[in-house]
Amino acid sequence: MTRRRAIAHLACWTLPSAAFLLLVHLVYTAYRIEVPPRLGDDARAAITARLRGALEGSPVELPAHAELGRGLVGEGPVTVQVWVDGAMRGRVDGYGATVGAAVDSAAELIPRHPSLLELDAESRGRARLKVDVAVGRGTLERRFPMLDLVTLHPGVDGIGVTVDGVEYVLLPDELIMLGVLTKKKPFSMTPDLALGLDTDKTDEVLARRNGVTGAWKTTTKVGKKNVQVPGPAQLTWEAKARTYFRVRTDAFVERATRTDGAPLALERGQPAGPEPTKANLIEAALAGGHYLVEHMQETGRYIYEVDMSTGNAKGGYSIPRHAGTTYFLAELYRISKAEFLREPIERAFFHLQELIDLGKCTGTLPDGEEFACVVDKGGKTADMGSSALGVVALAEYQRATDSKTYEPMARKLAAWILWMQRDDGSFRHRYFIDKQQRDDDFQTLYFTGEAALAMARMYVVTGEERYVRSAERALDWLVAWYDFFAGGFMYGEEHWTCIASEAIWPAVKKDSYLTFCNGYAEFLRNQQVAYGDFPSQPDLVGAYNVTPFVMPANTPAGSRTEAVISTYQLGVAHGSPEPAILRQILAAMKYTLRQQIRDDNSYAVAAKAKGLGGVTGSPIDRSVRIDFVQHVCSAMIRASELIE
Amino acid sequence: MAKPKRKQASELPTAVAVEPRREVRPFLYAGVDLLFGVLYIIAFTEFAVNRHAWAKVVLWALPVAVITMGVATAIGALRKGPPRRYAWIAAVASATLMLVVTVLLICLLLASAAFLSGVYGAFGKAAASGVLAGAALVVQLVGLLPAFQLKFLLTRAGRRAFGLPPLWRKPRAVAA
Numbered sequence: 178m179t180r181r182r183a184i185a186h187l188a189c190w191t192l193p194s195a196a197f198l199l200l201v202h203l204v205y206t207a208y209r210i211e212v213p214p215r216l217g218d219d220a221r222a223a224i225t226a227r228l229r230g231a232l233e234g235s236p237v238e239l240p241a242h243a244e245l246g247r248g249l250v251g252e253g254p255v256t257v258q259v260w261v262d263g264a265m266r267g268r269v270d271g272y273g274a275t276v277g278a279a280v281d282s283a284a285e286l287i288p289r290h291p292s293l294l295e296l297d298a299e300s301r302g303r304a305r306l307k308v309d310v311a312v313g314r315g316t317l318e319r320r321f322p323m324l325d326l327v328t329l330h331p332g333v334d335g336i337g338v339t340v341d342g343v344e345y346v347l348l349p350d351e352l353i354m355l356g357v358l359t360k361k362k363p364f365s366m367t368p369d370l371a372l373g374l375d376t377d378k379t380d381e382v383l384a385r386r387n388g389v390t391g392a393w394k395t396t397t398k399v400g401k402k403n404v405q406v407p408g409p410a411q412l413t414w415e416a417k418a419r420t421y422f423r424v425r426t427d428a429f430v431e432r433a434t435r436t437d438g439a440p441l442a443l444e445r446g447q448p449a450g451p452e453p454t455k456a457n458l459i460e461a462a463l464a465g466g467h468y469l470v471e472h473m474q475e476t477g478r479y480i481y482e483v484d485m486s487t488g489n490a491k492g493g494y495s496i497p498r499h500a501g502t503t504y505f506l507a508e509l510y511r512i513s514k515a516e517f518l519r520e521p522i523e524r525a526f527f528h529l530q531e532l533i534d535l536g537k538c539t540g541t542l543p544d545g546e547e548f549a550c551v552v553d554k555g556g557k558t559a560d561m562g563s564s565a566l567g568v569v570a571l572a573e574y575q576r577a578t579d580s581k582t583y584e585p586m587a588r589k590l591a592a593w594i595l596w597m598q599r600d601d602g603s604f605r606h607r608y609f610i611d612k613q614q615r616d617d618d619f620q621t622l623y624f625t626g627e628a629a630l631a632m633a634r635m636y637v638v639t640g641e642e643r644y645v646r647s648a649e650r651a652l653d654w655l656v657a658w659y660d661f662f663a664g665g666f667m668y669g670e671e672h673w674t675c676i677a678s679e680a681i682w683p684a685v686k687k688d689s690y691l692t693f694c695n696g697y698a699e700f701l702r703n704q705q706v707a708y709g710d711f712p713s714q715p716d717l718v719g720a721y722n723v724t725p726f727v728m729p730a731n732t733p734a735g736s737r738t739e740a741v742i743s744t745y746q747l748g749v750a751h752g753s754p755e756p757a758i759l760r761q762i763l764a765a766m767k768y769t770l771r772q773q774i775r776d777d778n779s780y781a782v783a784a785k786a787k788g789l790g791g792v793t794g795s796p797i798d799r800s801v802r803i804d805f806v807q808h809v810c811s812a813m814i815r816a817s818e819l820i821e
Numbered sequence: 031m032a033k034p035k036r037k038q039a040s041e042l043p044t045a046v047a048v049e050p051r052r053e054v055r056p057f058l059y060a061g062v063d064l065l066f067g068v069l070y071i072i073a074f075t076e077f078a079v080n081r082h083a084w085a086k087v088v089l090w091a092l093p094v095a096v097i098t099m100g101v102a103t104a105i106g107a108l109r110k111g112p113p114r115r116y117a118w119i120a121a122v123a124s125a126t127l128m129l130v131v132t133v134l135l136i137c138l139l140l141a142s143a144a145f146l147s148g149v150y151g152a153f154g155k156a157a158a159s160g161v162l163a164g165a166a167l168v169v170q171l172v173g174l175l176p177a178f179q180l181k182f183l184l185t186r187a188g189r190r191a192f193g194l195p196p197l198w199r200k201p202r203a204v205a206a
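This is the structure we're talking about:
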C-alpha cells in the first residue's frame, strides 16, 4: 500500500467521525450550562442571615467564606423572595461580581422595597426568605420548531431576557407556578404527551415586568370565527430588541422553624423529603386524609382540584375518583382508626346515595334482584368505574367498622355490576339509563379491574360465592387479554388487576395471577428512575418515567405502588415474596414523600389552598386533585404495613 | 433411469488458468451474522422480553438461525471436502427460516396493532403506532441480512466459495 493510499484510507475512516465529534462538541458547549457544586450549609446560612438582617432592620455582615467569593456569570442575579403565608410579598434582584457582592446588593435593596416596607414586624418574623443564586447561563433556543419543545429543562432552567438594557429573570420555580411548562402537544395522537414552553404567556409576564401595558391579545372576526390576534402590548413588546437566555440557580429557602438548621437546598422548588420509615409513612398518609377531609364540602362532594399557587379551585368532577378517594379514606380508617375520618366518609357515601337517587339508575333485574348504579348529576349514562369503586369503598368501610349500615347499598350496586358482566368474564363499561341498555362497544383501561376488585371485596364482606366466581372470571379474562404477540412485551394500566388478585386470595389461589403481577411489577421497575439515571435530576429517583424530557406524574408513583404492594403481599401468600419489589416500593415512597406538601415545602402554597397533606400533579404541576392524594396516600399507608 | 452424477467444482474446467481471488464475502457475512446473533440475544434478554412461550420460540428462532447461518458460512469458507456442501445447505436453510420469521413477525405485529387499535381509543392508537413502527423496523433489522446472504449463497460466487458447482448453467447461444 502506497503512502498516499494509506493516508486516503485513514482519512476516509477517521475524518467523518472526527467531523461528527466536532459538531457534537460545538453544539454541546453552545447549550450546556456548567454549574458549580451547590453552596454548603454554612454559606446558605450566612446568606440568609445577611438578608434576614436587612429585612428585620438589624444588619449582619457576611463572613469571609470561600463559597461566597465565587464569581458569578453575568453578575448573578441573586434573587431574594419574601414569602408570607404562601404569598410572595416582595422580590429583589442583587447583582455583583461574586456571590457575596450580589447578596450584599440584594440586602441593600430589601429595606427600600415598597411592599416589604409595608410588612409589620410579626409578618417579617413569620416570612420565609427564598434565595436563588444564578450560577449559570446558556442560550435559549427559539429558532427551530422541534427543538423549541425541549429547549428548557422543566423546573431546572429559568428564563431571562435583556430588553432596553435591563434584565428580567423568571426563576425555574416561577415558571412552574405560572403553569407555562410542558404546554405544547406535538402529537395529536398522544394528547397526554406535552412538551415545551408557553412562550406567549411567558412573554406577557416579562413584558408586564418591563412596564408594557395594554391588552396583550385582542379579538377580531375572521369570517364567522372570532380569532385572537396580538394586541397593542404584544406588538409593543415584539417591536423591542430582546435577548433571551436560560438561567440555572442554586436555590434554597429558610426552614419553617428557622432554628432547626441551615436553609433547605431546593430542587424544582422542593427540599429533600422525609425518609420512608413506618412513622413517616403513617404521618404522611394521615396528612393526606386531613387534606381530603378539609376539602370535602357539606354535601359530601370533594373540592375536586385546587391550584396551590393561587388557592383557587379548578372545575370538573369525576365520580369514580370521588368513590376511589372515599375508598382511600375508609382504608385509612381501617388501618389507623383515626376518628376524624369517620363522619366525612359517611358524608361522601351520602353523596353517592344522593347521586343514585337523582340519576334514577335503579330498578329490578330479570331475576328479581334490586339494582342501583351511580351516575353524576345530569348524566344519561352510568359508567362501571363509579359503581365499582363505590362498592369497593362501601365494602372497605364495612371491613373497617363491621357495620352493615351500607351493605344494602353495596348489594344493589354489586347486583348491577354482576349483570354487566359478559360470559367471557369481562364487563361492559357503560349503561344507557333511559334505554336500560348495556353498551357493548365502550371500553376503557381501568373499569374491568375495578369491577373485579369490587366483586372480590364483596366476597370478603358477604362470603357469597357468586362474587368470588365473578372476580375470578374477570381476573382470568384480564390476565389472558395479553395473549397476543405484542401483548407479551407490554402491560397496560393493570394496577386494579393486581390489587384484585391479592384481594381475592385465599379464595382463589392461581399462580397465573402472581406470575402476571410479578411481570407487571418488573415492567414498572424497568421504568423507575434509579440513582444515576438522570444525574442532574436526583429529585426524580423513585418516580416512574420513561424519558428525562417528560416530567413524571406523581399519581402513578402512588397507584402503581398500590399494585406493587399487592403483588408483594401475594408473593408472601404464595411463599415467594420478591425482595426487589420491596425496594421498588420504598424508592417510590421516598419520591412521593418529597412531593407531598408539608411544612418545610409549603412556603409557596397559598393559605386559602389549605394544601398541607396534598400531593401535587407532578414536580412541575402545582395543582392537587383528589385522586393524586388518594393513590399516593393509599400506597403510603399500605407500605407502612410492610415496614417493621 | 439413474440420475446423472453432478460433477464436483474441482472437476469442472476452468476458463483461465489463474489463481482465483480469495472470496471475502463469506467471512464478512459470517462476522455480521455472529454480530447480529449477539445483538438479538441481548435484545431478547434485556430490551424486548416477551413473556409468552410461543412468542419466545418465534423470537429466539432468530439468534439461533443467524448464528447457524454465520457458523455454516464460516465452515463453508474455511473447510475443505464434503462438509462444505452440508454447510451450504445449513446456511440456506437458516436464511430461509429467518425470512419466514420476518414475514411471521410482520404479520404478528400488524395483527397486534390492529387489535390494540380496535379495542381501545387514544391508548390503542398510541400503542398501535408503536407496534407499527416495530413492524416497519423488522424488515431492516431482521429481513435484510438473510435476504442478501441468501442471494449470495445462491449465486455462482456463493456456490464457488463453498466449493460447489453453480445451481444453474449459463444459457448457451443457440446456432441458427
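Protein chains in written order, with this note's numbering: chain A, 178 to 821; chain B, 31 to 206. We put the CB at the ideal spot given by N, CA and C, even for glycine. Remember, predicted model here, so these are calculated numbers, not experimental data.
- Per the C-alpha coordinates, the member of A:L232, A:M265, A:D611 and A:V212 positioned closest to G253 of chain A is A:V212.
- DSSP places M265 of chain A inside the beta strand (DSSP E), whose first and last residues are A264 to G271.
- Non-local C-beta neighbours of L232 of chain A in its own chain, meaning closer than 6 Å and more than five positions away in sequence, comprise I287 and R301, ordered along the chain.
- Bounds of the beta strand (DSSP E) holding V308 of chain A are R305 to T316.
- Listed in chain order, the positions of the region 55-89 of chain B with a beta carbon within less than 7 Å of a beta carbon of chain A are A78, N80, R81, H82 and A85.
- Here the C-alpha atom of M128 of chain B lies approximately 41 Å from the C-alpha atom of D617 of chain A.
- Here T539 of chain A has A549 as same chain residues with Cβ atoms under 6 Å from its own Cβ, once five neighbours each way along the sequence are excluded.
- Using a Cβ-Cβ cut-off of 8 Å, G696 of chain A counts as an interface residue toward chain B, since at least one Cβ of chain B sits closer than that to its own.
- Within its own chain, the residues whose Cβ lies closer than 8 Å to the Cβ of K767 of chain A, once the five positions on either side in sequence are excluded, are G450, E452, P453, V718 and G719, listed in chain order.
- As computed with DSSP, S795 of chain A is found in a beta bridge with A:D798.
- For N695 of chain A, the number of other beta carbons within 10 angstroms of its own is at least 16, and it is reported as buried.
- Look at S142 of chain B: its C-beta is under 8 Å from a C-beta on chain A.
- Comparing alpha carbon positions, the residue from A:P725, A:A628, A:Q530 and A:T275 closest to P712 of chain A is A:P725.
- Within the region 615-630 of chain A, contact with chain B at the beta-carbon level (separation under 7 Å) is assigned to Q620 and L622.
- A direct Cα-to-Cα measurement between V133 of chain B and V168 of chain B gives close to 9 Å.
- Scanning its chain for C-beta atoms nearer than 8 Å, with the 5 sequence neighbours on each side dropped, one finds around A78 of chain B the residues L89, in chain order.
- Within the same chain, T420 come within 6 Å of T339 of chain A by CB-CB distance, once the 5 residues on both sides are set aside.
- Any Cβ of chain A closer than 8 Å to the Cβ of V169 of chain B would place that residue at the interface, and such an atom is absent.
- Here T379 of chain A is buried: its Cβ has 16 or more other Cβ atoms, across all protein chains shown, within 10 Å.
- When DSSP states are grouped into helix, strand and coil, I480 of chain A belongs to the coil group.
- DSSP places V809 of chain A in the helix class (H, G or I) of the three-state scheme.
- Less than 8 Å divides the Cβ of A304 of chain A from the Cβ of V259 of chain A.
- Using a CB distance cut-off of 8 Å, G709 of chain A does not count as an interface residue toward chain B.
- In the three-state DSSP reduction, Y636 of chain A falls in the helix class (H, G or I).
- In the three-state scheme derived from DSSP, where H, G and I count as helix and E and B as strand, Y708 of chain A is classed as coil.
- For L174 of chain B, the closest of B:F57, B:D63 and B:E53 by C-alpha to C-alpha distance is B:D63.
- R419 of chain A carries a strand assignment under DSSP once its states are collapsed to helix, strand and coil.
- Taking C-alpha positions only, Q179 of chain B is separated from W190 of chain A by approximately 25 Å.
- Residue nearest to E679 of chain A within the set A:L630, A:V656 and A:A371 is A:L630 (criterion: CA-CA distance).
- For G335 of chain A, the enclosing beta strand (DSSP E) stretches over residues D334 to V340.
- Proximity of chain A to L139 of chain B at the Cβ level (cut-off 8 Å) is accounted for by F662 and A663, in chain order.
- Scanning chain B for C-beta atoms nearer than 7 Å to the C-beta of F527 of chain A yields nothing, as the closest lies near 34 Å away.
- Chain A places no beta carbon closer than 8 Å to that of V131 of chain B, leaving this residue out of the contacts.
- Distance from the Cα of K491 of chain A is smallest, within the candidate group A:G438, A:Y745, A:Y479 and A:G501, for A:Y479.
- Taken atom to atom, the span from the alpha-carbon of R799 of chain A to that of G335 of chain A is near 17 Å.
- The straight-line gap separating the alpha-carbon atoms of T502 of chain A and L65 of chain B is approximately 53 Å.
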